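**Student:** First residue of the sequence shown? That's 21 in this note's numbering, and the numbers climb one at a time after it. For each residue, glycine too, the CB sits at the ideal point set by N, CA and C. Predicted model only: the values in this text are computed from it and were never measured.
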Amino acid sequence: MAIVGERVRCFVAPSDESYRPPAFHGFPTTLPTVESDGLVTLKIRPHSLAKLEAVGRYCNAFARALKRRWATTYVDLYAGPGVLELEGGKLTWGSPMIALQCADPFNSLVLVEMQPQRANVLLQRARRIARRGEEVCIIQGEAEKTLDDVLRRIPVGSVALTLIDPFRLEFSLEAMATLAGSGKKMDLILLFAEGMDLRRNLQNAIRSAPGSDRFDKVFGGPEWRDLVQPQNPPARNAVLLRKLYLDRLRRLGFDHLGREVVVKNSSNVPVYLLMYATRNPLGVRLWDSCTKSSQLELFT
Ligand SMILES: C[S@@+](CC[C@H](N)C(=O)[O-])C[C@H]1O[C@@H](n2cnc3c(N)ncnc32)[C@H](O)[C@@H]1O
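1. Spatial neighbours of Ala83 within its chain, please: C-beta separation below 6 Å, excluding the five flanking residues on both sides.
2. For Leu211, which of helix, strand or coil comes out of DSSP?
3. So, using beta-carbon positions, are Leu131 and Asp169 closer together than 8 Å?
4. Does the stretch 27–34 touch the stretch 46–58, meaning 3 or more C-beta pairs lie closer than 8 Å?
5. According to DSSP, Asp96 sits in a beta bridge with which residue or residues?
6. What runs of the alpha helix (DSSP H), each 4 residues or longer, lie entirely inside the stretch 222–280?
7. Do Glu133 and Ala406 count as a contact pair if the criterion is CB distance below 8 Å?
8. Measuring only from the beta carbon, is Ser115 closer than 7 Å to any heavy atom that is part of ligand 1?
9. For the pair the stretch 240–251 and the stretch 213–221, tell me if three or more CB-CB distances fall below 8 Å.
10. Tell me which same chain residues have a C-beta within less than 6 Å of the C-beta of Pro34, skipping the five on either side of it?
11. Check for me: the beta strand (DSSP E) holding Glu155 runs from which residue to which?
12. Count the other CB atoms, across all protein chains shown, that sit within 10 Å of the CB of Ser286; report buried if there are 16 or more and exposed otherwise.
13. Quick test of your reading: Leu260 and Ala297, contact by CB under 8 Å. State the CB separation rounded to the nearest angstrom.
14. For ligand 1, is there a heavy atom less than 7 Å away from the beta-carbon of Met295?
15. With a threshold of 6 Å on Cβ separation, who are the neighbours of Leu59 within its own chain once the five nearest residues in sequence on each side are excluded?
16. Is there contact here, the stretch 251–266 with the stretch 230–239, by at least three beta-carbon pairs under 8 Å?
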C-alpha cells in the first residue's frame with residue numbers, strides 16, 4: 021500500500037478474474053447481503069435507504085454509460101465507514117461500498133472521511149471488497165480542506181461523479197466553486213438538508229450577525245437573508261433559498277440540473293432532498309431516468 025503523507029492511503033485493488041459483480045438490472049438491490057465484520061458502523065434512519073438507492077442507481081448507470089469512452093472516478097466527500105446500521109441492527113452498504121460494487125467498475129475512487137476510526141474501517145472494507153484493479157484513495161480529513169488532494173487524484177481525462185452527503189448544510193459555495201473551477205468533468209449529487217436543517221435553523225441563522233453563520237458560507241455570502249420574509253412559513257422561505265442555491269450552482273457552471281429527489285421520513289415529512297448538477301445535459305437524462313419516484317422503493 022502506498023502511503024502519501026499521513027492522511028492519504030491509496031491502494032490498487034487486485035484484478036480477480038473470478039469476481040462476479042452484482043447484476044446491472046435492479047442494482048443496488050442486487051448487491052450481496054452485508055455480513056457483520058465486527059467493525060464500526062454508522063447508525064441510519066430508514067429514509068436513508070431511499071438516498072442510497074438513488075445514489076446507487078446513478079453510480080451504476082454512470083459507470084456503464086461512460087465506460088466505453090472515458091475513465092471514471094467516484095468521489096465521496098463525506099464517505100462514512102462503508103457499512104450502515106438500521107435500528108434493530110440490520111446492516112446495509114454505505115455509499116462508497118455501493119460505488120465499489122457497481123456492475124461496471126469505476127477506474128478510481130477517492131473517499132474522504134473526517135473521523136479517523138470511520139476512515140480506518142472504510143479502508144479495511146474497501147481493501148476487502150475491491151477486486152477489479154481500481155485505484156482507491158482514502159483521505160482522512162475535512163472535505164473542504166482536502167479538495168486540492170481530491171482533485172489531484174482525479175486522473176486527467178477521467179469523468180468524476182462526486183457525492184456530497186453531509187449531516188447538515190455546511191459545504192460552502194466557495195468549495196463548490198473550487199470543484200466547478202477545477203476543469204474536471206464532474207457530475208454532482210448533493211444532499212440539501214432542507215427539512216432537517218434549513219427550515220429548523222433558519223430563525224436562529226437570520227438573527228446571527230451577517231457573515232457569521234454557516235448558512236452564509238453555504239449560500240456564498242449574507243445576501244440570502246434578503247430573501248427570507250418573516251411573514252412566510254419556514255417551509256416557504258426554505259423553498260426560496262433552495263431556488264437561490266440552485267441558481268448559484270448554475271452560475272458556477274453546473275448549469276444542467278436534474279430532478280430534485282425529495283426524501284421523506286416514515287411520517288411522510290420531507291427531510292432532505294438530493295440535487296443533481298452537471299455541465300452535461302446527457303447526465304440529467306440519466307439521473308432523471310434513474311430517480312423516477314416509482315422506482316425508489318425497491319431497496320427497503
Ligand atoms: C451522512 S454520513 C455519510 C454517509 C455516506 N455517504 C453513506 O451513504 O454511506 C456523513 C459522514 O461524513 C463525516 N463527516 C462529517 N463532517 C465531515 C467533514 N467536514 N469532512 C469529511 N467528512 C465529514 C461523518 O463522520 C460521517 O461519517
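**Tutor:** Put simply:
1. Thr92, Cys122, Asp124, Phe126
2. strand
3. no
4. no
5. Leu131, Leu183
6. 234–238, 254–272
7. Absent from the model: residue 406. The displayed extent of the chain is 21 to 320, so no value can be given.
8. yes
9. no
10. none
11. 155–160
12. exposed
13. Their Cβ separation, rounded to whole angstroms, is 19 Å, which puts Leu260 and Ala297 out of contact at 8 Å.
14. no
15. Val141
16. yes
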